[in-house]
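Participant: Below you'll find the structure I mean.
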């Protein structure tokens, strides 16, 4: 399985890049760093997971990617609430994280079935 061919990897990498571009102006470096790192963790863990040999390891890294995605979504909600993120960006990113979460769950389920 080549991670570069997975739609979930492509979309999560695009989301991560969008987050970087849209938060470059933020002076709250702690918030910006936490959001960009959680966003970057999603495609990175997908890559690491699908590159592993065992399906159990693949599933574990996809689970880590899901957790990072949930962390990023929480930070997006907070960033929107405190005025760090535009309503347009935050709405678009929340929807994308929900769709990516469903995609990751489906991929994890595929790997889990193969470990039985």
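Residue numbers (the working numbering): 127 to 242. We put the beta carbon where it would ideally sit given N, CA and C, even for glycine.
1. Residue 178 by DSSP, collapsed to three states: which one?
2. Helix or strand or just coil, what does DSSP make of residue 128?
3. Locate the alpha helix (DSSP H) running through residue 226, then write down its first and last residues.
4. Could you spell out where the alpha helix (DSSP H) holding residue 152 opens and where it closes?
5. Closer than 8 Å is the cut-off here; do at least three beta carbon pairs connect the segment 168-185 with the segment 235-242?
6. Taking DSSP as the reference, what is the three-state secondary structure of residue 203?
Facilitator: By the coordinates alone:
1. coil
2. coil
3. 213-241
4. Looking at the DSSP string, residue 152 is not in any alpha helix (DSSP H), and its letter there is neither H nor E.
5. Yes: the two stretches touch, three or more of their Cβ pairs being nearer than 8 Å.
6. helix
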